[in-house]
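Presented below is the structure to which this report refers.
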Ligand SMILES: Nc1ncnc2c1ncn2[C@@H]1O[C@H](COP(=O)(O)OP(=O)(O)OP(=O)(O)O)[C@@H](O)[C@H]1O
Ligand SMILES: Nc1ncnc2c1ncn2[C@@H]1O[C@H](COP(=O)(O)OP(=O)(O)OP(=O)(O)O)[C@@H](O)[C@H]1O
Ligand SMILES: [Mg+2]
Ligand SMILES: [Mg+2]
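Residue numbers (my numbering), protein chains in the order written: chain C, 30 to 395; chain D, 30 to 395; chain U, 1299 to 1847; chain B, 73 to 379.
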């Protein structure tokens, strides 16, 4: 597509343009990461090793991990042209539930986590049914669920935050509490030994694994294709014998399940479950997905994109923090950089550029 | 289509069905208000006159007025298949600006309000350009703007709330402060005399007027049609000679302008401008629009619907408050009732019902 | 409802099918029988109920009355899955593809081949898809996204999709509406192969000459009821038309024999060139003159750039086109469609669903959309009364079949939707009318009306440029026919031999495939590549296989 | 107010020591005032330099990462106003493992691994408010309580203290209570609904001044302001704050919730020089009524002193 026709070459140095245009496709491959690259560059430029330091990066990603996991679920929903506002509350509910299971029933982690996922999935299932069977717009359905789950959470906990550092009679942490901490309490790494000398920080591990798994599901399985189809053209999907209703219910259930999965992580991270936990996380999650290129119109988006989007958000935060930018200006700069990043990595950009490299470019109407 | 064929009569009493089906279309006219009717009914049933009392209704609507005005602007944006998350922050910025104009420069209301509208419009314009020219998804663009405007607001106010009850040297309110109060301070009505014996509560008046004006714009002007066209099918709109870019910029600008208009109202209502003012209002505004039947996919929605949606939200809150429902349960019940209301007033419902009234209704898949 | 089973049960039998929509009684007890290896043509005016009947068969409508039998067994079909289970496949009138997925993924959507690990077997998928497409003479790469495929390609992908089901009954609802002759021939070959394997086919089309080519028998619908059944052998075009229209049809091509190429020049284009940085179609130095009262046809194989020529003139590509234009003597340069409309141009776009209609909105809304400024009141609002009057007038004028002006356009039948698009353009009272496949999916009766309309407009001094893939239509209606090939003019033919070479199918086709005149490379090679459509969208020139078979 | 150049904690010379402060949420007038004062008093100590204040925006995760970032920057003293006690605990522990002296300001954490806690006593404040209510209602009456965000610690203390004070005064009943989420508009809305319900209310106790003022404006709107007394908490010395409200007679009393900025600055300076400091510094509140409003305002007014 880089061949130039005689007509084109006639005005303006053609060869330069041609060469430039030859370059662009190659850029294309990297292009969707430019936003991230930009922020990392700023980080290195301003803070150097302080920024690149492994602990710093671990912390940065770790802090966002639970929201990142939500973002993966939300991405599935967005791909079907829906939206899930309830994930924040579901995470809150799950974190509270997990903390209570630990504190009140001294349950082991390997029971708590699956149970929380189940709880989340149940809520998500309701979202799915409301959206697909009752045909309530997902925005309303999940907004209602946001309110419902939060209410139940607060009722269940009587508005008391529940600590996860449960001490046994001997005053030391109970075995289960110890284990629970490894789900996210800063400084408590898992897999020490077989996952590197000082192990890895579980939230980061969990986030990455979730991304990989769902990337495979979306890109390799028929279910994944169907999600894209449902979002891209429901009628076509239906005519092809895809059970649209089921797919929609499935994605909402998965989104809820992931919120349930993220709950304990958030609780461990906060060493307590706060009745307000997860409040407004949904915005960060959706933002990560959309910055990563997911289209709220459905049918467009990838987990890799969402992963990048999450990194952009948390690293941006980190860089501004390390540079001790005054908090008010942080808000402003954050907004600006996000816009720049999104513009830079817009796939359209290259095509537009290619236009610009050819004559008569007053495209957009006055 | 109410005549039944012999085939139908074979299963289930036909005449009943027939009669039922005759009824449905008639119901149709009221149907989109059922949700509201439901809530009013609950209010009357539980609180009777306390609920119906004019002061109560005025207060209820007044509390939501500024958000209602935002909802009108957001509806315009949603109609073009966009979304505007920045309105809350813009309202906050405008309210702070108005309070400072009053407190620091003792400016008269008739200067403050237009200025605030201008400020809001400017922000909105940027949203519009970002969305239509830079082709940033409105969700990201306005989310960024949410952050930017909030940051500027807080910087401008140095995180201090600014009171609007500005006293002169004599200790009494300054003339301008007096006037400003009439923008929304409870109990300060406008038009006493020519608008009823004790006048009307300005926020309510403003909300209603805004609704009427924009209802007329949407339903009667060519611009209104163009908004629907752009949301319904941009390509078709463009080939029909509509300048899509301009329309998009226009709706975002209007949305911002309305946020600017609502700012002073909010400041007067809180007798002060808080740096956090308007926080999360965007959710309420969007909810009102969507509950009112606007489709986030664009091209579908009305101001009347948004008005009804706003009433549903605020009256529901009011009813629960009057009944002194515990704070936690309020969240739960609110969510549930919203869902019920939306389901009841879904236009599809009647058709579905009609299906149910005719044989072979295995429409939705298992 | 027990119907006695005939000795040799037909492959498919639909009995007393009835269906109502709000305000419409679409079907009033229709029968349809298809035997194995038979091609049954389904004929009827726009809105007669053809698609509805077939949609019922395909399981799109869950609620209807009547019985469906396969091989004599009563079956109930209420969901697409049911239809598939009973070996019934359908190519729908409207394209229903997922733009974001590749051709292969669309063709095998819902039936993806799996690997042992249960993941999608992309290689197998691509192989099958490629094979199916090749069978239709398309070598579109299976991985190309559907949104990058031309409308014709998309329609063939739909066909491939239906074929991939290896069905027993295949319904084709106007499969050729977007195809040029060559593909049509292709498709017929495929149909013959299928019938040879005993597949029964229901074929819907408004091109009666096609029916004569493929169909064994014809079932005619009128206003949702059964108007008659004939075997193709012993019936005549006239009879069929009388059956479907109910009255003898006026002349199909009312255009008078003499050529009207002597009016004042309305639109003059010289050296129109559109480089395609975005991999879209390119146009190269096209000269075009249209005179008042003249109907100029654009012929060409699909991908020739006919649509693009109209779109470029209309400003759909913005000002990024080169060339000198004059409109009614005054200089003109394409800027935006809005600007073009203000200058008195109007465009009937190629793809009504994607480019023309706000499907979710009402007939009135869509009809008046381009002309709203004409109904302005003193208050700068739109006068509902005048708007409604104007639209209503056009609707009756074009005989649009719709319950009311306020019914949703998506609920109209395909042909009636097309008429709404026409109405919109006419309401702007254009002086130059650009029409891209204006009669796509329109029944013979309506076609005749539209032809009459074109003739009348021309007589009133309008200049018309029409694109059509139906040569007889072009030849019947146009004063001059320009032939495009790969974005270049390769021939001009005249109604009146006195003006120049006369327009005949042969001459036009030859010009349309005159690749050697545009690209160097010997005709043989050209013919070799003739049967293919090359990959990179619009990058390399295209042609198609109207030479073989 | 800041020079944006942070992270200077790394440089070797110890003539000046860098102080990092992580604030729970700047956008509350009370905390904004705290920040102002801290900047001001920090300036008074030549040997310490306060880095730009980090705002957690009520987000625990955010605040944890900010603390971690300060640790990364190797600040000499760390001041933290936890958004919630538990979540910040591990972060604080990380800090003290990094041998960074920590001052906990205003809200407690669940560990002893800090050098000094400075904060007001919400329970005591609640109790005093209760006593004021008793004084205001000599022959009994109905009290309505507008509570802060229910899940927050101060809310619990202020509620408990108030309740305990009323114990034994059966003639004073808390007839209404709702969650006002610390927000002024909520105060207005809730008060309107109470009045609408027709409950007789003689006194409104709000967990902070904005909610009290909001409620007062609702009552004023309904023409009931005279018959109802309002008590708030915070007593900020800003034009829009509780002290002025008391002077304007909107509230009968408010309770100074001391920011502890001055003490924090001193402690930080001391710690920086390695001096030992008092582990727990509980700050007393001051009851602000019309009588003492003016001079309290004068004492804490920051508008003339630039930080
Ligand atoms: N979903 C629907 N809702 C309401 N009316 C409908 C719907 N679908 C079809 N109709 C009506 O049913 C009638 C038959 O439509 P149908 O599409 O079957 O006609 P058709 O024979 O396919 O016409 P065409 O040749 O133009 O495709 C039309 O009057 C149309 O308005
Ligand atoms: N969606 C598309 N993406 C890329 N290229 C396209 C697309 N649509 C058309 N083209 C290019 O535009 C040229 C003309 O396409 P098109 O088929 O519209 O021409 P046409 O002469 O109008 O044929 P027809 O009208 O029969 O489709 C083709 O060469 C094709 O490469
Ligand atoms: Mg049809
Ligand atoms: Mg075309």
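Backbone N, C-alpha and C define an ideal beta-carbon position, used for all residues, glycine too.
Start-end ranges of the beta strand (DSSP E) lying completely within the stretch 1358–1423 of chain U, minimum 3 residues: For the stretch 1358–1423 of chain U, whole beta strand (DSSP E) runs of length 3 or above, ordered along the chain, are 1363–1368, 1371–1373, 1386–1389.
Check whether the stretch 81–92 of chain C and the stretch 140–154 of chain C are in contact - that is, three or more C-beta pairs closer than 8 Å. The stretch 81–92 of chain C is not in contact with the stretch 140–154 of chain C.
Is it buried or exposed for residue 1609 of chain U, if we count other Cβ within 10 angstroms and need 16 for buried? Classification for residue 1609 of chain U: buried.
Would you mind sorting residue 1504 of chain U into buried or exposed? The rule is 16 or more other CB atoms within 10 Å of its CB. In summary, residue 1504 of chain U is buried, with 16 or more beta-carbon neighbours lying within 10 Å of its beta-carbon over all protein chains present.
Nearest neighbour of residue 262 of chain C, chosen from U/1372, U/1585, U/1445, U/1747 [CA to CA]: Closest by alpha carbon: U/1445.
Contacts around residue 1686 of chain U, its chain only, beta-carbon distance under 7 Å, and the 5 residues preceding and following it disregarded: The answer, listed in chain order, is 1662, 1703.
Please list the terminal residues of the continuous beta strand (DSSP E) segment that includes residue 112 of chain C. Element bounds for residue 112 of chain C: n/a, residue is neither H nor E.
Quick check: is the beta carbon of residue 299 of chain C nearer than 7 Å to any beta carbon in chain B? Yes, contact with chain B.
Report the three-state DSSP secondary structure of residue 376 of chain B (helix, strand or coil). Reduced to three states, the DSSP call for residue 376 of chain B is coil.
Residues near residue 232 of chain B by beta carbon distance below 8 Å, same chain, minus five either side: So the qualifying residues of the chain are 195, 198.
Taking only the alpha-carbon atoms, compute the straight-line gap between residue 324 of chain D and residue 1385 of chain U and give it to the nearest angstrom. Their Cα atoms are separated by approximately 37 Å.
Shortest alpha-carbon distance to residue 1496 of chain U belongs to which of U/1454, U/1309, U/1570? That would be U/1309, whose Cα lies nearest to the Cα of residue 1496 of chain U.
Return the chain-ordered ranges of every alpha helix (DSSP H) run that is complete within the stretch 318–362 of chain B and spans a minimum of 4 residues. Considered as a whole, the stretch 318–362 of chain B harbours 333–344 as its complete alpha helix (DSSP H) runs of no fewer than 4 residues, in chain order.
At a Cβ threshold of 7 Å, is residue 312 of chain B touching chain D? With its beta carbon less than 7 Å from one in chain D, residue 312 of chain B belongs to the interface.
Please compile the residues from chain B whose C-beta is within a distance smaller than 8 Å of the C-beta of residue 304 of chain C. The answer, in chain order, is 222, 223.
Pick from C/182, C/298, C/168, C/66 that is closest to residue 312 of chain C, judged by C-alpha positions: Closest option to residue 312 of chain C, Cα to Cα, is C/168.
Runs of beta strand (DSSP E) lying entirely within the stretch 1672–1752 of chain U, each at least 3 residues, in chain order: The qualifying runs are 1730–1734.
Cut-off 6 Å between Cβ atoms - residues of its own chain near residue 243 of chain B, not counting five sequence neighbours on either side: For residue 243 of chain B, where only same-chain residues beyond five positions count, the Cβ hits under 6 Å are 212.
Contact between the stretch 157–171 of chain B and the stretch 208–224 of chain C: three or more CB pairs below 8 Å? The answer is yes - the stretch 208–224 of chain C touches the stretch 157–171 of chain B, with three or more Cβ pairs under 8 Å.
Give me, in chain order, the residues of the same chain whose beta-carbon lies closer than 6 Å to that of residue 154 of chain D; leave out the 5 immediate sequence neighbours on both sides. These residues qualify, in order along the chain: 282.
Own chain, CB closer than 6 Å to residue 96 of chain C, minus 5 neighbours either side, in chain order: Here the set comprises 310, 313, 314.
Chain-ordered neighbours of residue 258 of chain D on chain U, where CB pairs are closer than 7 Å: In chain order: 1656, 1667.
Since residue 1354 of chain U is in the alpha helix (DSSP H), which residue starts that stretch and which ends it? According to the DSSP assignment, residue 1354 of chain U belongs to the alpha helix (DSSP H) that extends over 1348–1355.
How would you list, in chain order, the residues of chain C whose beta-carbon sits under 7 Å from the beta-carbon of residue 1418 of chain U? Listed by position along chain C, the residues whose Cβ is nearer than 7 Å to that of residue 1418 of chain U are 249, 250, 251, 254.
In chain B, which residues lie less than 7 Å from residue 190 of chain C when you measure between Cβ atoms? By Cβ distance, chain B contributes 156, 158, 223.
Which first and last residues belong to the alpha helix (DSSP H) in which residue 153 of chain D is found? 138–161 is the span of the alpha helix (DSSP H), which, as asked, contains residue 153 of chain D.
Under 6 Å: does the beta carbon of residue 1712 of chain U sit that close to some heavy atom of ligand 3? Because some heavy atom of ligand 3 lies under 6 Å away, the Cβ of residue 1712 of chain U counts as near it: yes.
Over what stretch of residues does the alpha helix (DSSP H) that includes residue 232 of chain B continue unbroken? Per DSSP, residue 232 of chain B is one residue of the alpha helix (DSSP H) stretching across 225–238.
Any contact between the stretch 1673–1684 of chain U and the stretch 1610–1628 of chain U? By contact I mean 3 or more CB pairs, one from each, below 8 Å. Touching, no, given that fewer than three Cβ pairs across the two stretches are closer than 8 Å.
Could you name the residues of chain C that residue 1528 of chain U contacts, counting a contact when the two beta carbons are closer than 8 Å? The premise fails here: residue 1528 of chain U is roughly 31 Å from chain C at the closest Cβ pair, so nothing lies under 8 Å.
Partners in chain C for residue 123 of chain B, counting only beta-carbon separations shorter than 9 Å: The contacting residues are 353.
Can you list, in chain order, the residues of its chain whose CB lies under 6 Å from that of residue 165 of chain C, leaving out five sequence neighbours each side? Around residue 165 of chain C: 159.
Using a Cβ-Cβ cutoff of 8 Å, what residues of the stretch 1362–1384 of chain U are near chain C? List them in chain order. Of all residues in the stretch 1362–1384 of chain U, 1378, 1379, 1382 have a Cβ within less than 8 Å of some Cβ in chain C.
For residue 1467 of chain U, the nearest candidate out of U/1336, U/1321, U/1693 (CA to CA): Restricting attention to U/1336, U/1321, U/1693, the CA atom closest to the CA of residue 1467 of chain U is found in U/1336.
Quick check: is any heavy atom of ligand 1 less than 6 Å from the C-beta of residue 1345 of chain U? True, at least one ligand heavy atom lies under 6 Å from that Cβ.
Cβ-based neighbour list, residue 335 of chain B, same chain, cut-off 8 Å, excluding 5 preceding and 5 following: Here the set comprises 190, 353, 355.
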